Structures are given as C-alpha cells and as structure tokens.
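Chemist:
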Amino acid sequence: LPRKLTSLITQMITGHIALNYHLHRIGKVESPFCGKRTLHSPETVEHYVLRCPAYHQQHTPLEVQCAPRRQQLSLHRIFSNPENLAALATYINATGRLRQTLGVIPIWEPPSNEV
Numbered sequence: 172l173p174r175k176l177t178s179l180i181t182q183m184i185t186g187h188i189a190l191n192y193h194l195h196r197i198g199k200v201e202s203p204f205c206g207k208r209t210l211h212s213p214e215t216v217e218h219y220v221l222r223c224p225a226y227h228q229q230h231t232p233l234e235v236q237c238a239p240r241r242q243q244l245s246l247h248r249i250f251s252n253p254e255n256l257a258a259l260a261t262y263i264n265a266t267g268r269l270r271q272t273l274g275v276i277p278i279w280e281p282p283s284n285e286v
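Numbering (the working numbering), first residue to last: 172 to 286.
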C-alpha cells in the first residue's frame with residue numbers, strides 16, 4: 172500500500188484524524204460536531220464516511236462498491252477488503268474534507284491474482 176493510504180487507514184481506525192471529533196478532543200477546534208448539515212452529530216470517522224448527508228453524492232459510489240446487493244455498509248466492511256480501499260480513497264478525494272491535512276490520497280488497486 173502507498174504510505175499515504177496506510178497512514179489514512181491507521182488514522183481512521185484509531186480515530187486520530189483531522190475530523191472535528193478528534194480535533195475537539197485535542198483542543199484544536201471548539202466543537203466536535205460536523206458543522207455541515209448535521210449540527211448535532213459529532214464528526215467521527217463513522218459519521219464522515221457512512222452518514223454525513225453533506226457527502227451523500229460522494230457516498231453513493233462507495234456504497235455500491237463496498238456493500239453490493241444492499242448489504243449494510245460499515246467501516247469494518249470497507250477496511251476488511253483490500254478491494255474497497257480504492258473506493259474509500261476515491262470517496263475521500265471527492266469530498267475534499269481531508270485534503271488540507273492529507274493531500275490527495277493515491278488510488279490503490281490490489282494486485283491481480285491472475286498468473
């Protein structure tokens with residue numbers, strides 16, 4: 172995996188990422204809340220990736236890729252399948268939410284199993 176993508180995944184799993192919930196805990200912002208359309212939802216990784224209505228348009232392709240056949244989309248489902256990492260990177264790049272701190276996330280495709 173590219174280093175930037177590995178760093179992103181680690182930050183997302185630990186919750187130590189430049190989203191308001193974490194930034195509030197370390198005293199960098201006044202409020203832990205999203206600040207988009209959901210002023211009463213803490214901006215956690217789960218909220219940002221799975222639920223934030225401000226990113227509904229970007230969320231749809233992620234859901235189609237990572238939760239086919241109307242399965243429930245979850246962070247576990249995204250992180251547990253390497254094939255989903257390209258969709259996650261595409262989502263994060265499309266939202267632009269983390270671009271200031273992480274830059275553009277490289278789109279990584281797992282190696283083919285074909286010989």
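Beta carbons: idealized from backbone N, C-alpha and C, even for Gly.
Note that the structure is a prediction, hence the values are computed from the model and not measured.
I need the DSSP call for PRO232, collapsed to helix, strand or coil.
Modeler: The count along the sequence shown starts at 1 and reaches residue 232 at position 61. Three-state result, PRO232: helix.
Chemist: What does a CB cutoff of less than 6 Å around ILE188 pick up in its chain, not counting 5 residues either side in sequence?
Modeler: Looking up residue 188 in the sequence shown gives position 17. GLN182.
Chemist: If we count the other Cβ atoms within 10 Å of its Cβ and call it buried at 16 or more, is GLU214 buried or exposed?
Modeler: For the purposes of this step, residue 214 is identified with residue 43 of the sequence shown, where counting begins at 1. GLU214 is buried by the Cβ-count criterion.
Chemist: Is the shortest distance between the beta-carbon of SER202 and the beta-carbons of chain C less than 8 Å?
Modeler: No chain C is part of this structure, which consists of one protein chain only.
Chemist: Have a look at LYS199 and HIS193 and give me their C-alpha separation to the nearest angstrom.
Modeler: Sequence index remark: in the sequence shown, residue 199 carries index 28 (1-based). Sequence index remark: in the sequence shown, residue 193 carries index 22 (1-based). Distance between the alpha carbons of LYS199 and HIS193 is about 9 Å.
Chemist: Could you check what DSSP says for PRO239 in three-state terms: helix, strand or coil?
Modeler: Numbered from 1 along the sequence shown, position 68 holds the residue referred to as residue 239. In this structure, PRO239 counts as coil in the three-state DSSP scheme.
Chemist: Below 8 Å CB to CB, which residues in the same chain sit around THR261 once its five sequence neighbours on both sides are set aside?
Modeler: Position 90 of the sequence shown, counted from the start, is the residue given in the question as residue 261. Here the set comprises PRO232, LEU233 and ILE278.
Chemist: Please report the distance separating the alpha-carbon of LEU259 from that of ILE249.
Modeler: Residue 259 sits at position 88 when you count from the first residue of the sequence shown. Residue 249 sits at position 78 when you count from the first residue of the sequence shown. About 7 Å.
Chemist: May I have the straight-line CA-CA distance separating ILE263 from ILE276, to the nearest angstrom?
Modeler: In the sequence shown, counting from the first residue as 1, residue 263 sits at position 92. In the sequence shown, counting from the first residue as 1, residue 276 sits at position 105. The straight-line gap from Cα to Cα measures roughly 7 Å.
Chemist: Enumerate in chain order the residues of its own chain whose CB-to-CB distance from THR272 is below 6 Å, with the five nearest sequence positions on each side excluded.
Modeler: Start at 1 with the first residue of the sequence shown, and residue 272 comes out as number 101. Within the same chain, THR272 has close Cβ partners ALA189.
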